[in-house]
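**Q**
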Amino acid sequence: MMRLLKSFLKYFSLILIIVTLNFMLPRVMPGDPMVFIFGEEIYGIAVNNPELFAQFVEKYGLNLPLIEQYRIHIINFFTGDWGYSFSFGRPVFEIIAERLPFTLLLTFPATLMSLAIGIAIGLRIGWRPNRISSRITTSICLLIHSVPSYWLSMVFLLVFSLWLRFVPVGGAPRPDSTLIEAISHLILPFSVLLLFNTAYIAMIVRGLTVEVSEEEFIATAISKGLKHWKFSIRHLLRPSLPPLIFLTAIELGFTLSGALLVEIVFNWPGIGYTMLQAVVERDYPLIHATFTIVAVAVITANAIGDLLTGFLDPRVRNNGDIEN
Amino acid sequence: MGTSRTEILGFLLLSSVFLMLIFSFLPEEYFGKKSQSPYLPPSPSNPLGTNDIGEDVLKNLLIGSRASLTIGILSALVATGIGTLIGVISGFFGGRIDEFCRSLTDLFLVIPGLPMMIVLAAYLGPSYFNVILVIGLLWWPATARIVRARAVQIANSAFVEGLIAIGAGRGYIVIKHILPNVYGVALSRFVLTVPSAIILEAGLSFIGLGDPRNPSWGTALHFALTRGALLHGAWWTFIPPGLCIAITSLAFLLIGFGIEKRYRESVKSMERSL
Amino acid sequence: MESLIEFRNIDVKFRLGKLTIHALKGINLELRRGEVLGLVGESGSGKSVLIHSVFRTLPDDAVLSGEIIYKGVNLLSMDERKAMKLIGKNFSLVPQGFGSLNPVLKSWFQIMERPMEHFGLKKAEAFLVSKELLKKLFLEDPEKIVHAYRHQLSGGMLQRILVAMGISGKTEAIFFDEPTKGLDTITKEKLLELLRFARSMTESMFVVSHDLEFIERIADRIAVIHRGEIVEISEAKEFFENPKHPYSRMLIDSAPSKGLKKCFDKIDFNSEGCSYYLICQRAREICKRNRPSWIKLESGGLRCLVDIWK
Amino acid sequence: MSSEERILIGCELSKEFRTRKRIIRALQRASVEIRKGERVALVGESGSGKTTLAKILAYILKPSEGRLVFRGKNLAEMDKRELRIFRTKVQYVPQYSDLALDPLWHIYDSIAEPLRIHGMVESRQEELERILEIADLLNLSIDHLRRKPRDLSGGELQRAVIARAIILKPEVLIADEPTSMLDPVTQSRIIWAIMNAREKIGFSTILITHELSIAKAISERLYVMFGGRIVEFGFTEDIFTEPLHPYTSSLIERDVYLLMNEEKIAEGGVFESPGCEFRFRCRFAEEKCKTPPPEIRMGKKRTVRCWLYGEPDRV
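First to last, the sequence lines map onto chains A, B, C and D. Each residue of the first sequence is one higher than the one before, starting from 1 at the first, in our numbering. Each residue of the second sequence is one higher than the one before, starting from 325 at the first, in our numbering. Each residue of the third sequence is one higher than the one before, starting from 599 at the first, in our numbering. Each residue of the fourth sequence is one higher than the one before, starting from 909 at the first, in our numbering.
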């Protein structure tokens, strides 16, 4: 139990640090903090009618000492008041709540499927790396690995929707559209993400498998003449699960950023697309919100990864006494 | 250990990219003329056609290589430099210092790269220097972790124990023994970080936060998307920059894996494992 | 005694960077049914490579040729999956050291993995059998240890689990790879007890070791290997009383209990004559120039020049 | 025989390691003395504290209690300069391991390194001569010197490590199980190399081993260790002709009785309850053994730590 508490504290403090970062940035950066808190256009309007300006200063306690402001900021964060987005004319939290499901709809299944396929491929190309089929698969994964995800989306868009007209040019399915229509919108971004994450995970699993197959206990396992799939799972995959989970959780930051950019190409109204709009409009509260959501997602993934590692790796769970 | 085929292919690709860098410094008249009509398809005068404002795509591509390559390499250098330093310190000295470095590494590992850069770029304004600094500051934990593992292995080995018995000072041991042994790992990490840095920078420019004064391959993609090159079917404006990023990353990845493989071989001794 | 497994000119080469290492140079050896065969040699003599060639655990770039005959079938010519199934069913390997156990599987599971795979043993049943086995191997309370992972085992416990792995389920032959490496005298005594018990659970045993004193107390027949070649095979008693090959005699003399006589470093690996010319009592002029060949003797064989033995 | 002059003395040395759950008493009040040119052996099972004692004598490990004295000067009070001199006089050869020498350095440079650190050599030429001299002593050829550690066999690597330790012509060489993982032939080559070098340079040797027969073959005086304590010490022939402590006698006769109750004592030299650590495996164990036995002097330079030998007279 102690271990769980300790890791919960660690990850909670990480979230706190992210929130503090959001709080500090506008106040540390050169220029008037008000600009960063309200966004440029609004700052222009607010300047010339003082009472609106005063009303906001009052609401966010900007005239209070820093510590007070910090306290309010923290409370606001956890009560869901993430500030007001002027470019959308709505509270930031509402926008995020509306757009997040779209991103999850895209990234969650893609990540899960790519984990399964990626592990299967990774085990195969890692176990006998010198086979011709392994070499070819590895170079394909390497190729996908080195290509920017959003560029691949543009190519897919060009080929499948412009030239071959299979799929409409991006955009989200309207709530009333039929299942096929919805899928036709989803299929391109989903396949890009799937392709990308699978290549990524396959390369990670390949590295781990090559490493584990040099261990001594592999010879013992082979001598038992197990069926290949049993051998792969028990003696290749199981021992490398802890590092695999750790690496995947770490790389999530990178893969998530890729996913956000893919959304932009396909005008898929998720967090990525929102981030682009926020950047274009210089809507700072919204920029902070999108950053926080992604950071929190990565932190949660790492927390889950930590939990799973504890569960899967006996060395971590009970390194002293034996219990059944 | 001869250089393996992968490394040779890597060097070939890399030399082609550096060739582009050199060509970018050619004087004006070598390039296609600036023409009034946008989206001209590839023609003898403009080998790669023109983009949305009539500029020659090939010229932008070559100039773009300057920003992408330098940012990629410099930020990877900063990242691996910091990573190696922290890795060696926490690996060799251990104890509380090690504990502190590890929590620092865990913290930075969790911060997502691109969103962080977007926030900072939004504040600091897009500038060449900020991008290098930010990638460097966000990407050192991966190197630190691997370098630390190797440093710990060396620090606890029998020959360092023997050195202490001979009376060698800590500084001497770090410089003469820890650093050279960690160099192989750090070098392969550096080469493998460059592609991520290039793709990350391209992502930032793709969103529109790239440095306008130093357009990179990402900037070309940004304009291609926002100015509707895609709808015009003007593939020649965005296919080449993407390919260049891919080739450069592939080159560095191949070389990086080659070095890593050679380093792993040099440590393992075959004869005694018979 | 008819032979269980027969090695016919087994040849193994590895590539190390530019140079290739010739680990085994045409090994001819047979493991007879019901005997304990000891394969003895210095480290780097290639003795473990022979075991790896049976279980196909050689590295990818190794080149293996020759025949391993088991029940009239050459295992090397069979397709890999079928051969491994046959090997897994009839033979078992007892490795050495903590590294040879899977770090994330419980001990009882690793002991019973082989019988569960080949004899259709169910998990619950296998769990009980593993406890039974460990009790037979002088372990007071196996309740706790069956659930232990690799990092929770002491030296003594590890040894019993490795031997239990070898004797769980029916086997025709158990292969031991350097069982005494790095053990101190007391633990070596305990291992002897375990091996004697293992002897009763199987037909024949193949023990590879560099520890002559240990082999003397367990093996029926002894084969000596040096730089990838078998130099002598003979019955155990006869081998220790009067070893025929000079290298065998040197090995016996160099055992620590014999007072560390200085009698080595004079083997020069000349290609045309016999390399052991300088340390051989029976050496004659002809030994310098022509290669020794294998002579069959009633109790085994010897790599020497024929006419010396006439 | 060794002259009377005592170079290295360790009195009442103990060492404790703290882990989260327990305190491991690896070494308990061990006293040792080494004379000039003397051949000493430390024998005991794994976990008996012999490696800990060896590292304390070489001052790589600082003792929790007790004093280490070199030529009349306590190590704890030595300043930097004196410590450096000590480092050249007392050398340590670690247990056999793959990382026994820096994998990137050539063997020649690894052996020459001590000379360069202590600036013992004026010219490259003199350095070359000294290295060739030492290499010849340990029959390492020029070709070996030019190679890297990964191209050497186990025996050659260990001999190179020994060459590095004795290049400074020390007064005491502490060899910690130099041959435990190697086969008999390589083992005897290494032991012979050490003894051969010893005759030429004249350093005294402390050999740590669990191989009783090696200790018998090459040592004048013997310390037998069990459970972190020195249970018996004296001249090697006396101990082998008439072992006093039950543990020593069962070690010599390879007594199977020891096998039985091995599980009772906790592993790794951890003994919660004080008293004689050997009582769980001792034939003659009685109530008295629960209290720690005193060190009883049984004649000139011969002591045993066991209640069997009557009341403790002044040591």
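We put the beta carbon where it would ideally sit given N, CA and C, even for glycine.
Starting from the C-beta of D/HIS1014, find all residues in its chain whose C-beta is less than 8 Å away, skip the five residues before and the five after it, and write them out in chain order.
**A** On the fourth sequence, residue 1014 of chain D is found 106 positions in, with the first residue counted as 1. Closer than 8 Å at Cβ, skipping near neighbours: LEU1053, ARG1054, ARG1055, LYS1056.
**Q** Below 8 Å between beta carbons: does that hold for A/VAL19 and A/ILE74?
**A** Working through the first sequence from its first residue, we reach residue 19 of chain A at position 19. Working through the first sequence from its first residue, we reach residue 74 of chain A at position 74. Yes. Within cutoff.
**Q** So C/HIS824 and C/SER651 are in contact, right, with Cβ under 8 Å, and what is the actual spacing, rounded?
**A** Reading the third sequence from its first residue, position 226 is the one you call residue 824 of chain C. Reading the third sequence from its first residue, position 53 is the one you call residue 651 of chain C. Actually they do not touch by this definition, with Cβ atoms about 18 Å apart.
**Q** Can you find at least 3 beta carbon pairs, one from the stretch 367-376 of chain B and one from the stretch 418-438 of chain B, that sit closer than 8 Å?
**A** They do not touch, by the three-pair rule.
**Q** Taking a Cβ distance cut-off of 9 Å, strictly less, list which residues of the stretch 1006-1027 of chain D are near chain B, in chain order.
**A** Listed by position along the chain: ASP1006, LEU1007, ALA1008, LEU1009, ASP1010, PRO1011, LEU1012, TRP1013, SER1018, GLU1021, PRO1022, ILE1025, HIS1026.
**Q** Closer than 8 Å, CB to CB, is D/PRO1002 near chain B or not?
**A** Reading the fourth sequence from its first residue, position 94 is the one you call residue 1002 of chain D. Interface residue, yes.
**Q** Alpha carbon to alpha carbon, what distance is there between C/CYS902 and C/SER798?
**A** Reading the third sequence from its first residue, position 200 is the one you call residue 798 of chain C. Reading the third sequence from its first residue, position 304 is the one you call residue 902 of chain C. Taking the straight line joining both Cα atoms gives about 36 Å.
**Q** By the criterion of Cβ-Cβ separation under 7 Å, what are the contact partners of B/PRO539 in chain D?
**A** Position 215 of the second sequence holds residue 539 of chain B. Per Cβ cutoff of 7 Å: no residues; B/PRO539 is ~43 Å from chain D at best.
**Q** Just tell me which of B/GLY411, B/TYR447, B/LEU457 has its CA closest to the CA of B/VAL402.
**A** Looking up residue 402 of chain B in the second sequence gives position 78. Checked all of B/GLY411, B/TYR447, B/LEU457; the closest Cα to B/VAL402 is B/LEU457.
**Q** Does any residue of chain A bring its CB to less than 8 Å from the CB of B/LEU428?
**A** To locate residue 428 of chain B, count along the second sequence from 1; it is residue 104. Not one chain A Cβ lies under 8 Å of B/LEU428.
**Q** Any beta carbon from chain B within less than 8 Å of A/PRO129's own beta carbon?
**A** Counting from one through the first sequence, the residue named residue 129 of chain A turns up at place 129. No, A/PRO129 does not count as interfacial toward chain B.
**Q** Identify every residue that forms a DSSP beta bridge with C/ILE893.
**A** The residue you call residue 893 of chain C lines up with position 295 of the third sequence. DSSP lists C/LEU900 as partners of C/ILE893.
**Q** In chain C, which residues lie with their C-beta within 7 Å of the C-beta of D/LEU1090?
**A** Position 182 of the fourth sequence, counted from the first residue, corresponds to residue 1090 of chain D. Per Cβ cutoff of 7 Å: SER641.
**Q** Excluding the 5 residues flanking A/VAL205 on each side, which residues of the same chain have their C-beta closer than 7 Å to its C-beta?
**A** Along the first sequence, read from residue 1 onward, the residue named residue 205 of chain A stands at position 205. The residues are GLY118, ILE119, GLY122, LEU123, GLY126, LEU244.
**Q** Could you tell me how far apart the beta carbons of A/GLY83 and A/PRO285 are, in whole angstroms, since I believe they sit closer than 8 Å?
**A** Mapped onto the first sequence, residue 83 of chain A falls at position 83. Mapped onto the first sequence, residue 285 of chain A falls at position 285. Yes, they are in contact, since the Cβ atoms of A/GLY83 and A/PRO285 sit about 4 Å apart, within 8 Å.
**Q** Kindly indicate if chain B contains any beta-carbon less than 8 Å away from that of A/LYS145.
**A** Taking the first sequence and counting its residues from 1, one reaches residue 145 of chain A at position 145. The amino acid at residue 145 of chain A is misidentified as Lys; the sequence shows His. Yes, A/HIS145 lies at the interface with chain B (some Cβ there is under 8 Å from its Cβ).
**Q** Tell me, to the nearest whole angstrom, how far the beta carbon of A/GLY258 is from that of A/PHE196; I am working on the premise that it is less than 8 Å.
**A** Taking the first sequence and counting its residues from 1, the one referred to as residue 258 of chain A is at position 258. Taking the first sequence and counting its residues from 1, the one referred to as residue 196 of chain A is at position 196. About 6 Å separates the two Cβ atoms, so the contact holds.
**Q** Starting from D/CYS919, trace the beta strand (DSSP E) both ways and give me its first and last residue.
**A** On the fourth sequence, residue 919 of chain D is found 11 positions in, with the first residue counted as 1. Residues 914-926.
**Q** Does the contact criterion of 3 or more C-beta pairs under 8 Å hold for the stretch 601-610 of chain C versus the stretch 177-186 of chain A?
**A** The stretch 601-610 of chain C, when compared against the stretch 177-186 of chain A, does not touch it at the 8 Å Cβ threshold.
**Q** If I'm right that D/LEU921 touches D/ILE964 with Cβ under 8 Å, what's the distance once you round it to whole angstroms?
**A** Locating residue 921 of chain D in the fourth sequence gives position 13, counting from the first residue. Locating residue 964 of chain D in the fourth sequence gives position 56, counting from the first residue. Right, their Cβ atoms sit about 5 Å apart.
**Q** Can you confirm whether the stretch 516-523 of chain B touches the stretch 448-466 of chain B when touching is taken to mean that 3 or more C-beta pairs between the two stretches lie within less than 8 Å?
**A** They touch, by the three-pair rule.
**Q** Below 8 Å on the Cβ atoms is my guess for A/PHE160 versus A/LEU188; work out the distance and round it to an integer in Å.
**A** Sequence index remark: in the first sequence, residue 160 of chain A carries index 160 (1-based). Sequence index remark: in the first sequence, residue 188 of chain A carries index 188 (1-based). Indeed they touch by this definition, with Cβ atoms about 6 Å apart.
**Q** Go through the stretch 1057-1099 of chain D residue by residue and report every complete run of the alpha helix (DSSP H) that reaches 4 residues or more, in order.
**A** Runs found: 1062-1074.
**Q** How would you list, in chain order, the residues of chain A whose beta-carbon sits under 7 Å from the beta-carbon of C/PRO701?
**A** The residue you call residue 701 of chain C lines up with position 103 of the third sequence. The answer, in chain order, is PRO239, ARG315.
**Q** Is DSSP giving B/ASP535 helix, strand or coil here?
**A** Locating residue 535 of chain B in the second sequence gives position 211, where the first residue counts as 1. Reduced to three states, the DSSP call for B/ASP535 is coil.
**Q** Short of 7 Å Cβ to Cβ, which residues in the stretch 295-311 of chain A face chain B?
**A** Residues passing the 7 Å Cβ filter: ALA295, VAL298, ILE299, ASN302.
**Q** Could you pull out every unbroken alpha helix (DSSP H) segment of at least 4 residues lying fully inside the stretch 828-854 of chain C, listed in chain order?
**A** The qualifying runs are 834-839, 844-851.
**Q** Taking one C-beta from the stretch 920-935 of chain D and one from the stretch 945-954 of chain D each time, how about it: are there three or more such pairs within less than 8 Å?
**A** Segments in contact, no.
**Q** According to DSSP, simplified to helix, strand and coil, what is C/ASN672?
**A** In the third sequence, counting from the first residue as 1, residue 672 of chain C sits at position 74. Note: C/ASN672 maps to strand in three-state DSSP.
**Q** Where A/ASP306 and A/GLU251 are concerned, what is the direct C-alpha to C-alpha distance, given to the nearest angstrom?
**A** By 1-based counting over the first sequence, the position of residue 306 of chain A is 306. By 1-based counting over the first sequence, the position of residue 251 of chain A is 251. Cα to Cα, the separation comes out at about 14 Å.
**Q** Name the chain D residues that come within less than 7 Å of B/GLU485, Cβ to Cβ?
**A** The sequence position of residue 485 of chain B within the second sequence is 161, counting from 1. Residues of chain D passing the Cβ test: ILE968, PRO1002.
**Q** Would DSSP call C/LEU635 helix, strand or coil?
**A** For this step, residue 635 of chain C is matched to residue 37 along the third sequence. Residue state, collapsed to three classes: strand.
**Q** Counting only the same chain and skipping the five closest in sequence on each side, list residues whose C-beta sits under 6 Å from that of D/GLU1079.
**A** Translated into positions along the fourth sequence, residue 1079 of chain D becomes position 171. Cβ neighbours of D/GLU1079 beyond the five flanking positions: ILE915, LYS997, PHE1111.
**Q** Once the 5 residues before and after A/PHE88 are set aside, which same chain residues still bring their CB inside 6 Å of it?
**A** Counting from one through the first sequence, the residue named residue 88 of chain A turns up at place 88. Only ILE95 meet the Cβ criterion.
**Q** Counting only beta-carbon separations shorter than 8 Å, does C/LYS669 have a partner in chain D?
**A** Indexing the third sequence from 1 puts residue 669 of chain C at position 71. Answer no: the Cβ-Cβ gap between C/LYS669 and chain D never drops below 8 Å.
**Q** Is the number of C-beta pairs between the stretch 936-944 of chain D and the stretch 868-878 of chain C that are closer than 8 Å three or more?
**A** No contact exists between the stretch 936-944 of chain D and the stretch 868-878 of chain C.
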